[in-house]
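Each remark here refers to the structure printed beneath this line.
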Amino acid sequence: MIGGFLAAPAYATGVYEMPIVSAGEPTWVIDKSEVISRLNEGALSNTLEELAKKTGNEVRLVTFRRLDYGETATSFAKGLFKTWYPTPEAQANQTLLVIDTLTNTTGIVTGETVKSIMPDEIADSVASETVMVPLREDNKYNQAFLDASVRLATVLSGEPDPGPPVVEDKVQVAGTFTTAEETDTKNSTIWVVVLLIVATVVPMATYWFYQSYSGG
75 MIGGFLAAPA YATGVYEMPI VSAGEPTWVI DKSEVISRLN EGALSNTLEE LAKKTGNEVR
135 LVTFRRLDYG ETATSFAKGL FKTWYPTPEA QANQTLLVID TLTNTTGIVT GETVKSIMPD
195 EIADSVASET VMVPLREDNK YNQAFLDASV RLATVLSGEP DPGPPVVEDK VQVAGTFTTA
255 EETDTKNSTI WVVVLLIVAT VVPMATYWFY QSYSGG
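Each residue of the sequence shown is one higher than the one before, counting from 75 in our numbering.
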């Protein structure tokens with residue numbers, strides 16, 4: 075609380091802080107979070123520009139860190155989409171994919187013409203699976219956007235959807251097989267038990283034999 079007013083979250087991002095991008099403008103990646111390398115940003119821009127020239131379908135990728143209070147990645151994407159493309163005609167061939175890198179949440183919005191080529195189910199899968207799998211592994215933002223751009227470009231070019239990445243289950247080898255260290259430990263334990271038995275039984279047997287012999 076500062077001067078009687080609630081302080082805004084540091085570095086919160088609002089739609090009003092984003093640069094204005096219009097339909098047809100050759101700006102494809104806005105990396106406010108600075109998580110995409112220059113090399114990959116160039117590769118992404120080339121892929122998306124080629125898609126736009128070939129099909130008229132435009133895809134833009136946006137990253138940011140932290141949103142205004144009450145905002146979500148989805149609501150931010152919708153607000154930015156309407157700001158950049160204020161009319162149905164401007165929105166028709168547009169796709170906007172955003173990532174909040176603080177929470178690793180995503181949002182995606184598409185125009186009506188895009189929906190006829192790429193249904194909402196596929197768009198949602200791109201945002202929730204294609205992007206999220208690399209992020210869950212180790213915050214691989216470059217890989218996430220590269221994978222998303224390839225899938226989006228493929229579908230929006232009229233090709234079959236390649237689908238989300240295949241997630242392989244990691245086999246818990248340690249829980250199935252005994253390690254060499256565990257084997258050595260078990261063997262050592264067995265030898266200790268054997269030696270204890272020998273140390274106890276042999277003196278008793280010797281004493282019993284001696285007593286029996288003396289009594290005889």
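Where a beta carbon is used, it is the ideal one built from N, C-alpha and C, also for glycine.
None of these values were measured; they are calculated from a predicted model.
The shortest C-alpha to C-alpha distance from Gly181 to any of Lys189, Asp212, Ala227, Thr137 is the one to Thr137. The shortest CA-to-CA distance from Glu163 to any of Ser190, Gly185, Glu123, Ile173 is the one to Gly185. When secondary structure is reduced to three states using DSSP, Arg140 falls in the coil class, being assigned neither helix nor strand. Of the residues Gly232, Ile110, Phe150, the one whose Cα lies closest to the Cα of Thr179 is Phe150. Per DSSP, the unbroken beta strand (DSSP E) holding Leu170 starts and ends at 168 to 174.
Assignment of Thr180 by DSSP, reduced to helix, strand and coil, places it in the strand class. For a cut-off of 8 Å, the C-beta gap from Leu135 to Val89 is around 16 Å, too long to register as a contact. Counting only the Cα atoms, Gln168 lies some 15 Å from Ala222. With respect to Val103, Glu115 sits close: the two C-beta atoms are nearer than 7 Å. For Ile196, the enclosing alpha helix (DSSP H) has its first and last residue at 194 to 199. According to the DSSP assignment, Ile104 belongs to the beta strand (DSSP E) that extends over 103 to 105.
The alpha-carbon of Leu209 is positioned some 10 Å away from that of Phe219. Here Thr228 carries a helix assignment [DSSP, helix/strand/coil]. Residue pairing by DSSP puts Arg134 in a beta bridge opposite Leu170.
Comparing alpha carbon positions, the residue from Pro160, Glu123, Leu113 closest to Ser96 is Pro160. Beta-bridge partners assigned by DSSP to Thr87: Leu141.
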